[in-house]
Amino acid sequence: MGFIYFKLLRMIAINYLRLFVFVGCFSITILCSAQDGMEFTDPQTIEYIKKAAEGDHLALEGGHLALDGHVMPYMFFEPHEIMYLFRLSQIRHEVIWKADSIYFSDSWEDDFPEKIPKSKDVIKVPSSHKFGKRHTESTIWFNLPAINLTSEREKFLCIKPLDMSLVGWPETTIFIDNQPKAALLRQHFYWSFDQIKKDSEPKLVCLKSFGVFDKPRGYREISVVERNPIIDELYWRVRVLIEALSILPEDSSGYQPISSAVKKVMNTLDLNLSSATSFQSQAEITLDNLRKDFLEIEKVAKNNPVLSVLIHGHLDSAWRWTLTQTDEKIQRLVLNNLYLMDRYPQLRYVFTSPYHYERLKKLYPKLYDRVLEKIKSGQWIANGATYLEGDLNLPGGESVIRQFLYGLAFYENELGVTENALFLPDTFGYPAFFPQIVKQFGLDHLIAMRVNTPEIDRTIYDWKGVDGSSILVFGLSTPAWEYPYIYEMHRGAGKKGYLRTTYNAPDPGPRRSFGTWQQFKNKDITDNQLMLIGWGDGGGGATEDHLELMHYGASLPGIPKLEWTNLVDYVNSQKSVSDNYPGFSHKIMPEKWIQKTFMMASGLKVANRMVESQLKECEALCSFASLHGFEYPAEELRALWKKLLIQHFHDIITGQGVPEVLMKAKQDLDSISLSVDIISTDAMNFIAEKLTMKSDGLLLFNSSGVNFNGVIDLGNIDLKGKSLVDEGDKEIEFTYSDEGNLLLKANDLKPFTFIKYYLSDNTSSIQTGVNVSANEIENQFLILKINDQGEIISLFDKELKKELVSSGRKFNVFYKVDYKNDKRELITLDSKFINAFQNDLTGGLTFEKSIGDSRIVQKIILEKGSREIKFDSYVDWKEEYRLGVDFPINNINKMGTYGLQFGFDSLSTAISNPNDSLFIPFAAYQWVNISGENYGYSLLDNGRYAYDIKGGGVFLNLAYGLRKHNYQELADVEWNQKASGDIGGENFTYSFMPHSADFVKSKIINKARALNSITRARLIPENSNDDIDPYLILSESDDIIIESIKMAEDGEGIIVRMSEKNKEKATVKLKLNRRFTSASLNKINESENQKINITNSEIELNFNPFEIKTIRLTY
C-alpha cells in the first residue's frame, strides 16, 4: 500500500497538468484524424472531456470520469495510454448510416410508436435537437434505411446522448416497428439488430424520452454501426491491462508481463494507419499475440482473494421521480437486462422488491413472463425478502412484519423463489429490534451498504438484537468513487468520501476490484467478499462494459479473482468459513446525514402513525365481526396495507423525495385513512347489533394493544344529560371539552376488547381534579408554574415534596438548531397568553408564539389523577432552521432508555467519543426515558422521532424547517409545507411525565401506546341478543402488548400477534372467545402450527424478554 499512496501523491500533483495535456493532445489528434478521412468525435465530446479535466463533475457520470461513455479511472493512466484507448474505442465501430434529422413532439401518446402522426405538433428537427424540462416526456421518430443483416459483421443501432452527465441523460424506451425492444440507460449505447429485430427488416424507430432533471437533453448520435470484433476485443483486453498497471506495484509479479503486453500492442498496432488495407490483418495478428500473452499473465495469478460478483440495478421506488415514472423505469430496466442476458449467458442480475414485480406483471405482462423464464434459468435473481426497500426507523413494528409477510409470500408463490436473501442496500439505519423479525422469518443475515458503522470496524459481523436474536451482517466494501479516493476531484463528497461504499459500482475494473478487497475488513477470516456492479438508483443494471471488464479482468495477478455468484450462495459460503465473526449489539447508525430522515416530512410521519393505528384497529374489528357472520375484507385490507408499505419506502416517509413524491404520499395516506375508516365503521356497526346491551349505552373499543387508564377524547358524542355507569353500576367519570368533545376517564380498558357503559339517570358525583389559574396548573400529584412564554419554571411533586426544575432552568424551552453542526441557540419568540381552560377531568393554559412567518399554538394540559403533562401543539414552522424543545433535567443517570417498535434499547447520556455525534439526535419510537434510583423522566410523542439525551436533559426536535433538498433540479421549484411533506404534521402532541418508580412500573410504554392509538366509541341502543363474549382474546397481564389481530393469510382462523414489553420472562394467561375451538403457536409467517392446549377457554404462553409470538385461533 505504501507504493500506492506514493503514486497517489505523485498523481495529485500532476493530475490537472496531465489532463490539460491530454485535452490539448486530444484536439491535435482529432485534426490528424480528419486528415485521415476519419471522424473520431464531435465538439460536444471535446467539451465534455474539457469539463471533466477542469473538475466540473456535472460533466462526469455519477461523479466518475468517463471516456466516450466508458467509465474508467483515466486520471491514473499515462497520457499516451488514454489516447490509445480513446482511439481504439473510436474505431471499434464503423458508421454505415447516421440520422441527420428526426421528427419530434414535445409530448407522448400511447399510439405514437405505431406511426409518425400528421400533426402540427410534430416537427422535423436536426438529430441533435435539444428538448425537455424536468419530469417531461418527449417523442422522437426516424426511419431506418435498408440494413443487410446477413453480412459477416454484427450491426447495431447506436443512440448516444448529447450530454454524458447524469443530469443531461434522456432515459429512453426504444420502440422498433411498434414494439418496445430496448432502452437507453446509463452507459449503454448499442443494441444488436440480431437480437432486437431479427425476424424482419426494421423500419420505424420511436423513442420515448424522459428526463428527471431540468437540463435540456437530446441525442448527439443516432446511427447504425458495424462492429469490428477484432478491435472490440483488443480494446477491452488493453483497457483492462492498462488499468491493472495503474494499481499494481512495479515490483509485483504481474507488473512486468502486463507492461510488456501493453507495450507490445502499442508498438505493433499503429492506430494512425487504421484506414490502411493491411490494418485489419495486423490487428488480427496483434490480438492473437495478446491472447497468448493473456494466458501467460493469468498463470502468474496465484492465491488471489475472490470477489463474488453480481450485477445490481438498484431502483428507488420513488425519489427524484414519482411512483408513476418508476413504472416506466421498470420497463426500461427489464428491457436492458433481458437484452444483455441473451447476449451474455453468464450474466447474473439481482433485482428486489415484489412491489416492482407486481407493477411489471400488471403493466408489462410479456416482459414479466420473460423475467420468470430468466429466474428459472438462474440469470435473473429475485431476492430481497421485503415487499420493497422500506425504512426501519419510522414505521411501526407490524408494518415491518408485513414487509416480510407480503414480500416473501410473493417471492415464493409468484416467482417460485424458495431460498431468499435479505438484501436492503440503501436503507437508512437499522434499529436493534430488527434481528428478531429477520430470524423469525427464517433468515439469518442482512446484506446492505449502510452497515459499515464506525462503531465496529468490520465488514462482516454478528449483530445481536435487544431480544438476543442475532444475524450475520454483510457490508459492502466497494469504493463509491475512484480508488484511492481523491478529495480534490470530489469536493461535494467531502474529505471522508473514501469511506463511502456502493451497492452499484460503475465498473468491475482492476482498480475498483483492488479497492473493494483493500477496504474489506475481515481478511483474517475469509478470502471472499461480495462486489455488486451496475447502474442504479434510477434503475439500469448492466452494460456491455461491465460484462467485458468482468470477463477479461477476472484472473489478473495482484487483482482479486472475479467469480459470478448469487446472494444465497455467497451468504452460505461465508457462513461455512467461520461461526466466529466479531459481534455488535447496538443500533446500526452508519452516517450522520441520516438524522434528517427522522425530522423531515412531519406530515407524512404523523399521517403514517394514524393510518397504522387505524389499520390494526380495522383488522381487529373485522376479525371479531367475522366470528358472527361478517365477511372479512381480506383482499381489500391487504391492498390497503400494501399501499401503506409503499409510503414506507426509504425515500418517501423519510422526506427525501421531491415535492411530487411527497405530495402524492400525503394524498395516498389520506386516502388509506378514509377507506379504512369506512370498513371499521361498517364492522363496528355490525358488532353493535350483535352485542347484548341491557339498556342504552356507550360501546368502546381499545385498540392500543395495552391496558389503558386515563382521559380519552371520544369526539362529538352527546350523552343527552345522562350519566354513565359500568357493568357493575359504578359511575364512570366524563365531561366535555370546550370544543364539545366527550372526555371520558377510562379505568383499566383491556386491549382489543369491547367495553360497555350504560346511560343512567343518576346524578353525577364527579369532582373536579384539576385547578387552573393564570400561570399555574395543579392536580393531586403535580403543581406546574408557567411563565408568559409558556415555559415551566417550576414543577413540584406533591407526593415526594420535590421540586423538579433546577434553579436557573426551565422546562419546555424552545431552541433553534443549526443544520450543519446541531448547535442549539435559545430562540426568542413573540408569545402571548390566550386562555385558561378547565373542566372536571382536565385543565390547562393556551399560548400562542410566533417568529417571522411561523406560528405556534400550544395547550399545556394536566389531567385528573395523572402525572403526564401534555403539550397539544400546532407548529406551522417556515424558518430555515430546525426547531426543538428542551427539558433540562438533572444528570441522574449515565444511560437513557428509548422505545423501539418491539422492546426498548439504551443509550449513553454522555458525549465521550466522536461517534456520539451519530446519536445527536437519534430516532426513538414513541418515547424516551432517563431514570435515577428513585425518580425518572419520560418524554412521549405521537408524531416526532428525533430525540437527544446527550445535552443534559431530554430534547425533542419539533420541526425541520423549510430547508430545500440540494437537488439541483429543485432550484426553481417552490418549497413550502406541502412540497416538503410537512403539511398535516402541524398538529401533534408530546408529553412530559415525571415518575417516582421505574419507567416500567410507571407504565410509560402503556402511556405511549395510548397516545398513538385510537379508542373507537359509539352509542348503541338496548338489545337482548344472545350473550357473546366482547373480546377475541382477553389479556389481564401487563407484561405483553397485543400487536395485531387479523384474519390468517390462508383464511383459516384468526392470527394474534403479541410481544413481551418489559424485558422480562413472563408467563401469561389469556382468555379466549368461547367460539374458538383450537389454538396453535405459529411462526411469524403463519406457518407450522404447534398445538396449544385450551383449558376452560384459557391458554398459557411463556415469553422471553421482548419475544414476539404469533398464535392462530380457529373456530
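In UniProt numbering, the protein residues as written are 1 to 1115. Yeah, the Cβ is synthetic: ideal placement off N, Cα and C, and Gly gets one too. Note that the structure is a prediction, hence the values are computed from the model and not measured.
(request) Since I believe Y819 is in contact with R963 (beta carbons under 8 Å), could you give me their beta-carbon distance rounded to a whole number of angstroms? (result) Working through the sequence shown from its first residue, we reach residue 963 at position 963. Working through the sequence shown from its first residue, we reach residue 819 at position 819. About 6 Å separates the Cβ atoms of R963 and Y819, confirming a contact at the 8 Å cut-off.
(request) Pull up the distance between the alpha-carbon of L157 and that of A99, whole angstroms please. (result) Taking the sequence shown and counting its residues from 1, the one referred to as residue 157 is at position 157. Taking the sequence shown and counting its residues from 1, the one referred to as residue 99 is at position 99. Rounded to whole angstroms, L157 and A99 show a C-alpha spacing of 11 Å.
(request) Taking 9 Å as the cut-off, decide whether the C-beta atoms of I375 and L567 are in contact. (result) Counted from its first residue, the sequence shown places residue 375 at position 375. Counted from its first residue, the sequence shown places residue 567 at position 567. Cβ distance not < 9 Å, so I375 and L567 don't count as in contact.
(message) Output needed for E791: all residues of its chain with C-beta closer than 6 Å, excluding positions within five of it in sequence on either side, in chain order.
(response) In the sequence shown, residue 791 corresponds to position 791, counting from 1. Excluding positions up to five away in sequence, the list reads K810, N812, V813.
(message) Here's the rule I'm using: 16 or more other beta-carbon atoms within 10 Å means buried, otherwise exposed. How should E727 be labelled?
(response) Start at 1 with the first residue of the sequence shown, and residue 727 comes out as number 727. Exposed, since its Cβ has fewer than 16 Cβ neighbours within 10 Å.
(message) Beta-carbon within less than 7 Å of R609's beta-carbon, same chain only, minus the 5 sequence neighbours each way: which residues are those?
(response) Counted from its first residue, the sequence shown places residue 609 at position 609. Same-chain partners within the cutoff: N942, G943, N1012.
(request) Would you list, in sequence order, the uninterrupted beta strand (DSSP E) runs of no fewer than 3 residues that lie entirely inside the stretch 866-949? (result) Within the stretch 866-949, the complete beta strand (DSSP E) runs of at least 3 residues fall at 869-876, 882-887, 895-899, 904-908, 927-931, 936-941, 946-948.
(request) List the endpoints of the continuous beta strand (DSSP E) containing P180. (result) Here residue 180 refers to the residue found at position 180 when the sequence shown is read from its first residue. Taken as a continuous stretch (DSSP letters only), the beta strand (DSSP E) holding P180 covers 179-184.
(request) Would you kindly report the start and end of the unbroken beta strand (DSSP E) that includes H80? (result) Numbered from 1 along the sequence shown, position 80 holds the residue referred to as residue 80. Unbroken run through H80 is the alpha helix (DSSP H), 79-91; no beta strand (DSSP E).
(request) Spatial neighbours of A1066 within its chain, please: CB distance less than 8 Å, with the 5 preceding and 5 following residues excluded, ordered by chain position. (result) Residue 1066 sits at position 1066 when you count from the first residue of the sequence shown. Excluding positions up to five away in sequence, the list reads S1037, D1039, I1040, E1060, N1102, F1103.
(request) Indicate the three-state DSSP secondary structure (helix, strand or coil) for A1079 in the structure shown. (result) Translated into positions along the sequence shown, residue 1079 becomes position 1079. The three-state reading of DSSP puts A1079 in strand, counting E and B together.
(request) Please classify S469: does DSSP put it in a helix, a strand, or coil? (result) If you number the sequence shown from 1, residue 469 lands on position 469. The answer is coil: DSSP assigns S469 none of H, G, I, E or B.
(request) Answer yes or no: do I766 and E731 have a C-beta to C-beta separation smaller than 9 Å? (result) Here the question's residue 766 lines up with position 766 in the sequence shown. Here the question's residue 731 lines up with position 731 in the sequence shown. Against a cut-off of 9 Å, the Cβ pair of E731 and I766 comes out as a contact.
(request) Assuming S555 and A301 form a contact by the criterion Cβ under 8 Å, report the distance between their Cβ atoms to the nearest whole angstrom. (result) Looking up residue 555 in the sequence shown gives position 555. Looking up residue 301 in the sequence shown gives position 301. About 5 Å separates the Cβ atoms of S555 and A301, confirming a contact at the 8 Å cut-off.
(request) Compute the Euclidean distance between the alpha carbons of I1108 and M1058, then round it to the nearest angstrom. (result) Looking up residue 1108 in the sequence shown gives position 1108. Looking up residue 1058 in the sequence shown gives position 1058. Roughly 6 Å separates the two Cα atoms.
(message) Taking only three categories from DSSP, how would you classify R1112?
(response) As a first step, residue 1112 must be located in the sequence shown, where it is residue number 1112. The answer is strand: DSSP assigns R1112 an E or B state.
(request) With DSSP collapsed to three states, give me the class of N987. (result) The count along the sequence shown starts at 1 and reaches residue 987 at position 987. Three-state result, N987: strand.
(request) Please report how far the alpha carbon of T1114 lies from the alpha carbon of T136, in whole angstroms. (result) Against the sequence shown, residue 1114 aligns to sequence position 1114. Against the sequence shown, residue 136 aligns to sequence position 136. A direct Cα-to-Cα measurement between T1114 and T136 gives close to 53 Å.
(request) Using three-state DSSP, classify F404 as helix, strand or coil. (result) Your numbering for residue 404 matches position 404 in the sequence shown. Look at F404 here: in three-state DSSP terms it is helix.
(message) Going by C-alpha to C-alpha distance, which of S760, S223, D840, N787 sits closest to I834?
(response) Translated into the one-based positions of the sequence shown, residue 834 becomes position 834. I834 has its Cα closest to that of N787, out of S760, S223, D840, N787.
(message) the ligand GTP and S317: does the residue's C-beta get closer than 8 Å to at least one heavy atom of that ligand?
(response) Ligands are entirely absent from the displayed structure, and the ligand GTP is therefore not among its contents.
(message) Once the 5 residues before and after D998 are set aside, which same chain residues still bring their CB inside 7 Å of it?
(response) Reading the sequence shown from its first residue, position 998 is the one you call residue 998. Within the same chain, D998 has close Cβ partners S931, G936.
(request) Would you kindly work out how many angstroms separate the C-alpha atoms of L804 and I1054, rounded to a whole number? (result) Numbered from 1 along the sequence shown, position 804 holds the residue referred to as residue 804. Numbered from 1 along the sequence shown, position 1054 holds the residue referred to as residue 1054. The straight-line gap from Cα to Cα measures roughly 48 Å.
(request) Name the residue from P1105, F1106, I1111, E1088 whose alpha carbon lies nearest to the alpha carbon of I1099. (result) Working through the sequence shown from its first residue, we reach residue 1099 at position 1099. Of the candidates P1105, F1106, I1111, E1088, the one whose C-alpha sits nearest the C-alpha of I1099 is I1111.
(message) Let me confirm a value: H80 is counted as buried when at least 16 other C-beta atoms fall within 10 Å, else exposed. Which label applies?
(response) In the sequence shown, counting from the first residue as 1, residue 80 sits at position 80. Exposed.
(request) Could you round the C-beta distance between M72 and D507 to whole angstroms and report it? I think they count as a contact, below 8 Å. (result) Here residue 72 corresponds to residue number 72 of the sequence shown, with the count starting at 1. Here residue 507 corresponds to residue number 507 of the sequence shown, with the count starting at 1. In this structure M72 touches D507 by the C-beta definition: roughly 7 Å separates them, less than 8 Å.
(request) My understanding is that G981 touches G655, with C-beta atoms under 8 Å, so please give their C-beta distance in whole angstroms. (result) Position 981 of the sequence shown, counted from the start, is the residue given in the question as residue 981. Position 655 of the sequence shown, counted from the start, is the residue given in the question as residue 655. Contact flag correct, Cβ pair sits at about 5 Å.
(message) Please identify the residue among L245, V606, G843, W169 whose C-alpha is closest to the C-alpha of residue 1160.
(response) In the structure as shown, the chain begins at 1 and stops at 1115. Residue 1160 is therefore absent and cannot be evaluated.
(request) Identify whether R824 lies in helix, strand or coil by the three-state DSSP scheme. (result) Against the sequence shown, residue 824 aligns to sequence position 824. If DSSP states are grouped into helix, strand and coil, R824 belongs with the strands.
(message) Taking contact to mean 3 or more Cβ pairs, one atom from each stretch, closer than 8 Å, check whether the stretch 333-352 and the stretch 446-466 are in contact.
(response) The stretch 333-352 vs the stretch 446-466: no contact.
(request) Work out the CA separation of H546 and T286 for me, nearest whole Å. (result) Numbered from its first residue, the sequence shown carries residue 286 at position 286. Numbered from its first residue, the sequence shown carries residue 546 at position 546. Between T286 and H546, the alpha-carbon positions lie close to 24 Å from each other.
(request) Using a threshold of 9 Å, state whether the C-beta atoms of H129 and I102 are closer than that. (result) For the purposes of this step, residue 129 is taken as residue 129 along the sequence shown, with counting starting at 1. For the purposes of this step, residue 102 is taken as residue 102 along the sequence shown, with counting starting at 1. Yes. Within cutoff.
(request) From the DSSP output, in three-state form, read off M600 for me. (result) The residue labelled residue 600 in the question sits at position 600 within the sequence shown. Assigned with DSSP and collapsed to three states, M600 falls in coil, not helix or strand.
(request) Measure the C-alpha to C-alpha separation of E879 and G903 and round it to an integer number of angstroms. (result) The residue labelled residue 879 in the question sits at position 879 within the sequence shown. The residue labelled residue 903 in the question sits at position 903 within the sequence shown. Counting only the Cα atoms, G903 lies some 36 Å from E879.
(request) Under 6 Å Cβ to Cβ from S578, same chain only, skipping five residues before and after it: list those, please. (result) The count along the sequence shown starts at 1 and reaches residue 578 at position 578. Excluding residues within five positions, the ones whose Cβ falls inside 6 Å are I525.
(request) List the residues that DSSP assigns as beta-bridge partners of S101. (result) Along the sequence shown, one-based indexing puts residue 101 at 101. Answer is P126.
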